[in-house]
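Report on one structure; see the data block that follows.
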Amino acid sequence: MATLETLRNKAGVFVAVIIGLALLSFILSDLLGSGRSIFSADDMEVGRVDGTSISYPVFQQQADQQLQLLQAMQGNQGNSEMLGQQVREQVWQRFVRQQVLDRECDRLGLAFTNEELSGYILGNEVHPVVKQLFTNPQTGEFSRDQLVNFLQNLDEGVSPEQKAYWLEVERELRDELAMKKYVTLVTKGLGVTKFENDFRAALLSNSVDAAYVYKSYDSQPDSLFKVTEEQAKSYYQENRERFKQGELRDLAYVTFPLTPAEYDFQMAREALEKLIPEFSETADPGAYATQNGDTPYTDRWESPKNLPAGLATWAEENVPEGTVSGVEQAGNEYLVARLVARKSLPDSAQAQHILFSYQKYPQERAKELADSILNLVKSGANFAELARQYSDDPGSKEKGGDLGWFAQGVMVPPFNDACFLGKRGDRVIVESQFGVHVIEVLGQKGSSEMVKVAILSQKVEAGNQTYQQVFNQASSFATEVHVARPSWVASLFGAGKERVVKAENLFDSVAQARSVQKRIANKVDGNLTRVGALENSREMVRWAFEAKPGDVSKVFELGNEFAVALLVRVAPSKDGYATFEAVKSEAQQGALQELKKAALIKQFEAQASTADVQVLASALGESVKRAQGVTFNGYSFGSEGYEPAAVGVGSSLAVSQLANGVAGNTGLFAIVAEEVHANPTAQEDDIASRQSDLRKRAEYETYESLKSMATIVDRRARFF
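Under UniProt numbering, think of the first position of the sequence shown as 1, with each following residue one higher.
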């Protein structure tokens, strides 16, 4: 009775606790399911470098300002989405650079004055970016006067956009100057002593022919070893730099291509047939084909056999000019052709040319130079010598401009017409997209019937009816493979993991039943703009970083296909390193490799007294192999591939000297030098050249090294 009474008295408390837990479960489930944290004010941090963070509002404001500035200067040209991605990347890299480099410069007391910046802009060696901004497009010459005038009127005489852009340029130059000073400080501390140089020269002076015994770590079955949790964690801690990465996601996905149906082919053909009467009567069939078809007209001569199959047969039948063909199908396209012209032309031609490239000269300047060269040629100057001296075509310049023999249609149309419509000995000037050419026709061979054909095309694309059918297929797939999220309480007892397994199995079975191929995208980085070969799939990446394992996406429209994705796995990251749980399997594999290595070392040590490599091989159950011409600066050893430890040890042995138990990347080695030769390819480096090499490496590696030492957390994928 006492027990029953106690239960009655405490029933109210018990019910209150149950209700409280249920409410807590509901609240936490909502928060966790939406990706928010109750401790982080919706977590507006875009990223963090060594504890200094940048929030979403600040990051977005900087990106918007940069984007508006670029669009104003470029006249809103280009893909705005792509430009936005580029701008966000620039803002992020600048934030990282400021935290990494500025802090280091402040610590060392490195600074620069406005006078130094002015020297970068107005000094004897004007910065290339500044030069480019103030180069006259007509003459190709840098105008210092224009630069000075711009700077003098910066506050009042230029537009707000121009001023903002210039201040952005100055900001970039300041960053570059700071980096240059820091790198100079590093490179001044780099040097090579005479001892180091002589020691390296001695190592490079020999080439060793070696006999060796190699035993792979994987020669021992995994079943002989058991990796404990502690061993895996120990490997993870000792090799933490190998796991430096941001958060990653593993995805499975299926696609539903928007392939035109039979109805779409019928509609496309009917649409093309309606245009045939006008196409037959128009005075300019090329312009009509360009304006009304899907493929622009190219005004060039070509062989009938190069036309699509049905049209080739039609053109070879010697039909008169103005004749219109029947409708032909070429893949997902319907075609109707009209013969514009027919003419007998050479099969091949030989020519020499001198090119004045638009990359080097403004158009008017290139024309002036071409006119001058043509006059020299007509006056008897040697064409080949002029080509070697002035041509901007690296492929023919050293051959005196000679292009050899080439077939009809190989060259761009203006060049092609000059060589095939003219005659041997013609000297002409033509313009192409590459620049201005001075051409001399050296010869012509053969003769074939050529045609100009205007082709009116109609591509077959999936229409609204097909679009809706394919979308419905993708949508029903997404619905069928959906597995509900467990409650927060249930997830504490492993329901989340069970859900992922169930979701994967369901995804696989439904994909198989519907005959759609499941694809895998592992280690998806949050800043990727696309998944695999999927077009415009940035939205899928963003979804993956907002979803939970086991979630199925909505239907994504990606170019000419729909896609449905399943989030299989999250590889979390903490302070720029993958967590142990995220890389547990890799850590276990690494620890297993270490256990195998230790076991092999014992086997080799047991034969430490054996000086005969053949006896050693027999004892280890292996055969003797040979590595020829091993040098200290080599990469591979014998037939074992990239094994720097074996190369380093093997190249430094004296004749008959044995090195036992050399630990390589994939196995253990016992190496004996059979012969040592003088290395005929060895070159003695002087100290100055080696120091120069070190400093060149430092110019690139200094900043990368600073970045590698920083703790960088990149969370852009949650916002963009």
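Just so it is clear, CB atoms sit at the ideal spot from N, CA and C, and this is done for glycine as well.
- Relative to the Cα of E586, the nearest Cα in the group Y235, E539, F477 belongs to Y235.
- Counting only runs that start and end inside the segment 178 to 232, the beta strand (DSSP E) elements of at least 3 residues fall at 206 to 216.
- Beta bridge pairing from DSSP links F356 with V436.
- In its chain, beyond the 5 residues on either side, L110 have a beta carbon closer than 6 Å to the beta carbon of K181.
- Counting the other Cβ atoms within 10 Å of the Cβ of E643 gives 16 or more, which makes it buried.
- For T255, the number of other beta carbons within 10 angstroms of its own is at least 16, and it is reported as buried.
- Between the alpha carbons of W166 and E364 lies a distance of about 29 Å.
- A direct Cα-Cα distance of roughly 42 Å separates A521 from G621.
- Counting along the chain, the unbroken alpha helix (DSSP H) around V129 starts and ends at 128 to 133.
- T52: member of the beta strand (DSSP E) spanning 52 to 55, first to last residue.
- Our two residues, K596 and A619, have alpha carbons roughly 18 Å apart in a direct line.
- In this chain, E586 is not harboured by any beta strand (DSSP E); it is covered by the alpha helix (DSSP H) spanning 584 to 605.
- With respect to V58, Q99 sits apart: the two C-beta atoms are not nearer than 8 Å.
- Straight through space, the alpha carbons of A289 and R269 are spaced by roughly 15 Å.
- Here V436 is buried: its Cβ has 16 or more other Cβ atoms, across all protein chains shown, within 10 Å.
- Apart from sequence neighbours up to five positions away, the residues of its chain that approach E316 with a beta-carbon distance below 7 Å are P304, ordered along the chain.
- Within the segment 473 to 525, the alpha helix (DSSP H) runs of at least 4 residues that lie entirely inside it are, in chain order, 488 to 492, 495 to 513.
- Taking 8 Å as the cut-off, the beta carbon of V438 is found closer than this to the beta carbon of I354.
- A547 and I712 have their C-alpha atoms roughly 23 Å apart.
- Between V213 and V624, the beta carbon gap of about 6 Å places them in contact (Cβ cut-off 8 Å).
- The beta carbons of V672 and V647 sit no closer together than 8 Å.
- The segment 241 to 249 makes contact with the segment 567 to 575: 3 or more CB pairs, one atom from each, lie closer than 8 Å.
- Annotation for A565: the continuous beta strand (DSSP E) segment containing it runs 561 to 571.
- Q458 is positioned such that its CB atom lies closer than 8 Å to that of Y334.
- The alpha-carbon separation between Y120 and K244 amounts to approximately 37 Å.
- Every alpha helix (DSSP H) stretch that sits fully inside the UniProt domain "PpiC" (346 to 443) and reaches 4 residues is listed by chain position as 363 to 378, 383 to 390, 413 to 420.
- For the pair L600 and L668, the CB atoms are nearer than the 8 Å cut-off.
- Here the alpha carbons of Q588 and Q231 stand approximately 8 Å from one another.
- D155 carries a coil assignment under DSSP once its states are collapsed to helix, strand and coil.
- Assigned with DSSP and collapsed to three states, K696 falls in helix.
- In the three-state DSSP reduction, T255 falls in the strand class (E or B).
- Buried is the label assigned to A591, since at least 16 other Cβ atoms lie within 10 Å of its Cβ.
- When the beta-carbon positions are compared, L151 and V130 stay at least 8 Å from each other.
- By the Cβ test, the segment 324 to 342 is not in contact with the segment 407 to 422, since fewer than three Cβ pairs between them sit closer than 8 Å.
- Nearest to R695 by alpha-carbon distance, out of Q66, E141, K188, Y263, is K188.
- Under DSSP, Y334 shares a beta bridge with Q329, Q458.
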